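Asks:
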Amino acid sequence: MTGRAYCAATSREVAEPLAGTASTVRAFLLLEHGGPWGRSVLQHATFPDGVREGMRELCARHGVRGMLMRRPGSGPGVPDRPRVLLSVTRPDGGVAAERRLDDVRDVAALPLASLLAELRAGRVPAGWTGVEDFLGTCTHGRHDACCAEYGRPVARALHDLAGDAAWEVSHVGGDRFAGNVLALPEGLYYGHVTPADAADLVAARRSGQLLTRLLRGRSSLPFAAQAAEIALRRHLGLEQADAVHVLEVERSEHTVRSGHAVPSVQRTTTTWSVRAAAAPATWRVVVETAHPGPPRPLTCTGEASLPPVHTVVELAATDAPGRGMEGWDAAYAARAAAGRPVGDLDPLLVGLLADLPPGRALDVAAGTGPASRWLAAHGWQVTAVDFSAEAVALARRADAEAGVDVDWVVADARVWQPPPGSPGFDLVLVVRAALPDVVAQAGAWLAPGGRLVVVGHSRANLAIADAPGPRDPRLLHDPDSLRRLTGDLQVELCEEVDRRPEGGRGVDVVLVARRLTAP
Numbered sequence: 016m017t018g019r020a021y022c023a024a025t026s027r028e029v030a031e032p033l034a035g036t037a038s039t040v041r042a043f044l045l046l047e048h049g050g051p052w053g054r055s056v057l058q059h060a061t062f063p064d065g066v067r068e069g070m071r072e073l074c075a076r077h078g079v080r081g082m083l084m085r086r087p088g089s090g091p092g093v094p095d096r097p098r099v100l101l102s103v104t105r106p107d108g109g110v111a112a113e114r115r116l117d118d119v120r121d122v123a124a125l126p127l128a129s130l131l132a133e134l135r136a137g138r139v140p141a142g143w144t145g146v147e148d149f150l151g152t153c154t155h156g157r158h159d160a161c162c163a164e165y166g167r168p169v170a171r172a173l174h175d176l177a178g179d180a181a182w183e184v185s186h187v188g189g190d191r192f193a194g195n196v197l198a199l200p201e202g203l204y205y206g207h208v209t210p211a212d213a214a215d216l217v218a219a220r221r222s223g224q225l226l227t228r229l230l231r232g233r234s235s236l237p238f239a240a241q242a243a244e245i246a247l248r249r250h251l252g253l254e255q256a257d258a259v260h261v262l263e264v265e266r267s268e269h270t271v272r273s274g275h276a277v278p279s280v281q282r283t284t285t286t287w288s289v290r291a292a293a294a295p296a297t298w299r300v301v302v303e304t305a306h307p308g309p310p311r312p313l314t315c316t317g318e319a320s321l322p323p324v325h326t327v328v329e330l331a332a333t334d335a336p337g338r339g340m341e342g343w344d345a346a347y348a349a350r351a352a353a354g355r356p357v358g359d360l361d362p363l364l365v366g367l368l369a370d371l372p373p374g375r376a377l378d379v380a381a382g383t384g385p386a387s388r389w390l391a392a393h394g395w396q397v398t399a400v401d402f403s404a405e406a407v408a409l410a411r412r413a414d415a416e417a418g419v420d421v422d423w424v425v426a427d428a429r430v431w432q433p434p435p436g437s438p439g440f441d442l443v444l445v446v447r448a449a450l451p452d453v454v455a456q457a458g459a460w461l462a463p464g465g466r467l468v469v470v471g472h473s474r475a476n477l478a479i480a481d482a483p484g485p486r487d488p489r490l491l492h493d494p495d496s497l498r499r500l501t502g503d504l505q506v507e508l509c510e511e512v513d514r515r516p517e518g519g520r521g522v523d524v525v526l527v528a529r530r531l532t533a534p
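Under this note's numbering, residues 16 to 534 are what the sequence shown spells out, in order.
(1) Here's a check: name, in chain order, each residue in its chain whose Cβ is nearer than 8 Å to the Cβ of L477, leaving out the five neighbours to either side.
(2) When the Cβ atoms of the stretch 406–420 are set against those of the stretch 339–352, are three or more pairs found closer than 8 Å?
(3) From G252 to D513, what distance separates their C-alpha atoms?
(4) Determine the contact status of V379 and V301, defining contact as a CB-CB distance below 8 Å.
(5) Checking 8 Å against the spacing of the C-beta atoms, do H197 and G151 come in under that value?
(6) Determine whether the Cβ of L477 lies closer than 8 Å to any Cβ atom of chain C.
(7) Check each candidate in A332, T284 and P307 and name the one with the smallest Cα separation from P295.
(8) Within the continuous alpha helix (DSSP H) that includes E28, where are the two ends?
(9) Please list the segments of the beta strand (DSSP E) lying wholly inside the stretch 169–233, counting only runs of 3 or more residues, in order along the chain.
(10) How many Å lie between T25 and R191 at the Cα?
(11) For L500, which three-state DSSP category applies?
(12) Rounded to the nearest angstrom, what separates T17 and G382 at their Cα positions?
(13) With DSSP run on the structure shown, which of helix, strand or coil describes H77?
(14) If we count the other Cβ atoms within 10 Å of its Cβ and call it buried at 16 or more, is V425 buried or exposed?
(15) Report buried or exposed for V99, applying the criterion of at least 16 other Cβ atoms within 10 angstroms of its Cβ.
(16) Would you mind working out which of A352, A243 and G188 sits nearest S55, comparing C-alpha positions?
(17) Looking at the secondary structure, which residues open and close the beta strand (DSSP E) in which W298 lies?
(18) Can you tell me whether DSSP reads W431 as helix, strand or coil?
(19) Sorted by chain position, which residues of the same chain lie with C-beta nearer than 8 Å to T316's C-beta, five sequence neighbours on each side aside?
(20) Excluding the 5 residues preceding and the 5 following Q505 in the sequence, name in chain order all residues of the same chain whose CB lies nearer than 6 Å to its CB.
(21) Using 8 Å as the threshold, is the stretch 74–88 in touch with the stretch 48–63, meaning 3 or more CB pairs across them?
(22) What is the DSSP secondary structure of R54, counted as helix, strand or coil?
(23) Using a Cβ-Cβ cutoff of less than 8 Å, which residues in the same chain neighbour R76 once the five nearest sequence positions on both sides are dropped?
(24) Given a cut-off of 8 Å on the beta-carbon distance, is the pair P7 and A181 in contact?
(25) Taking all protein chains shown into account, decide if H275 is buried (16 or more other Cβ within 10 angstroms of its Cβ) or exposed.
(26) Straight-line CA distance for I479 to G521?
(27) Anyone know if the C-beta pair for S235 and R41 falls short of 8 Å?
(28) Can you name the start and end residues of the alpha helix (DSSP H) that S387 belongs to?
(29) Please name the residue, chosen from R474, L199 and Q224, that lies closest to G109 on a Cα-to-Cα basis.
(30) Are three or more beta carbon pairs between the stretch 420–435 and the stretch 388–403 nearer than 8 Å?
(31) DSSP on W395, reduced to helix/strand/coil?
(32) Residue range of the beta strand (DSSP E) that R474 falls in?
(33) Quick test of your reading: L33 and G202, contact by CB under 8 Å. State the CB separation rounded to the nearest angstrom.
(34) Can you round the beta-carbon distance between L125 and A246 to whole angstroms, since I take them to be within the 8 Å contact cut?
(35) Among R311, A177, V103 and S185, which has the Cα closest to the Cα of G145?
(36) What residues are listed by DSSP as bridge partners for G109?
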């Protein structure tokens, strides 16, 4: 594939995220047809008179996605007694069934309303056979060249391993994610699948698991909720299909109150039940959706456009300690309304950072960014991450007033990752944020010679009546627990430090650890 820009190659080159890109479909009707399919199967595929129109009208009337399917290597045209497959998808799974038609013209006469009602009730209709596993790889080259180029080798590999469960199918949506595989009855979309992935995908299906590294999403969920499920599963390491279930999806437009000319973003708040040992039972995942660009082609023949980007801005157990994103948003908005300054860097941190040579720095849970601004003013290239859009708006305003440049990211540090291929950081800073998972992960983000600096409220503050900061033990640190999180980093400093903020006394835990070799 040379001489032109192919959408799937471009998507891979820019490491486009797969999560949250599955077409939103609640029911599928697939009819066996060996091809040719034309660009649009319900307009151009070769059928006896009236079949295309009848199937197209039937699907439109019942909100069903009409598609064609064929065995890899099958001959052209409609076979005698073609198969038809009907599948409904639900967030907790789905039900599919198939049968043979005596004549392809019979497809338009299917009693789709009653058939769908049976499947949605969890029953296989009379005269139909239940389908437990269906893997349909899009090979629709007339629709998009990438579907054939990337899809056909995947379809052959899956057929070799999964036999009759593997089919080629017409356009599924998301050409740039070819090879695309649709798994029914659940309506799971997998993207950027290669023949080398076929064994893992088939093994996952047979063991009742999902392959989250290739998962685009679940077609019964809105895009942002798809991204939320995948983020939660990856965070908890849960591949078992029945381990995570959606409880609620709420969408809203969110406008940052602390900013000037800040556009509103679509915010989706989701709640999930989790069945896993040692994990809380209920989780909240909040996703913001924007179209930041740059423009790029979403198909091989289409014009460049701005695909949506879903960012997880909060992922936490519903009973997690602390204010949560909404609480911090409210606190920072109140600070902005009161005209309170964002503050200067704590002298303790100045002492820890002053002698470090400038490089690339990551400020995690950065708040309004006093550390980020200080670092930027002293020659550092700084990326700052915080889940409060209100805090980031205040920080950007303060950065502009200070004449410094900080790369701000609104995201939950517990699931945020540096862009693929980015160099390591010379400094990772975590200041007064109880994020043990992030501290444990930070070592992998450091370049050789880079340092992790953590400053947190000490558990010793529980014995000090007027100590500032949180009182929940889950939000407090001690030297031993911090040291255990550093893995193979060389610990240079790990101790409690007295500090005397205005109006009280408190104790901090300070950790400085260095990466000696590449992770």
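Using N, Cα and C, we set each Cβ at its ideal position, and we do this for glycine too. Owing to the predicted nature of the structure, the values given are computational and were not obtained by experimental measurement.
Replies: Checking against the coordinates, here is how it stands:
(1) R486, P488 and L491
(2) yes
(3) 38 Å
(4) no
(5) Checking the displayed sequence, the identity of residue 197 turns out to be Leu instead of His. Yes, they are a contact pair.
(6) Absent here is chain C; the protein component of the structure consists of one chain.
(7) A332
(8) C22 to E28
(9) 181–184, 196–199, 203–205 and 230–233
(10) 8 Å
(11) coil
(12) Confidence at T17 is low in this model, with a pLDDT of 48, below 50, so the placement of that residue should be treated as unreliable; the coordinate-derived value is given next. When rounded, the distance between both Cα atoms is 47 Å.
(13) helix
(14) buried
(15) buried
(16) G188
(17) T297 to A305
(18) coil
(19) D159
(20) R529 and L531
(21) yes
(22) coil
(23) L127
(24) Limits of the chain in this structure are 16 at one end and 534 at the other, which puts residue 7 out of reach.
(25) Residue placement at H275 is poorly supported in this model, since its pLDDT is 48, which falls under 50; the coordinates are not used for a value here.
(26) 7 Å
(27) yes
(28) P385 to A392
(29) L199
(30) yes
(31) coil
(32) Run containing R474: none; DSSP gives neither H nor E here.
(33) Wrong, their Cβ atoms sit about 15 Å apart, outside the cutoff.
(34) With 8 Å as the limit, L125 and A246 do not qualify as a contact, their Cβ atoms being about 38 Å apart.
(35) V103
(36) T104
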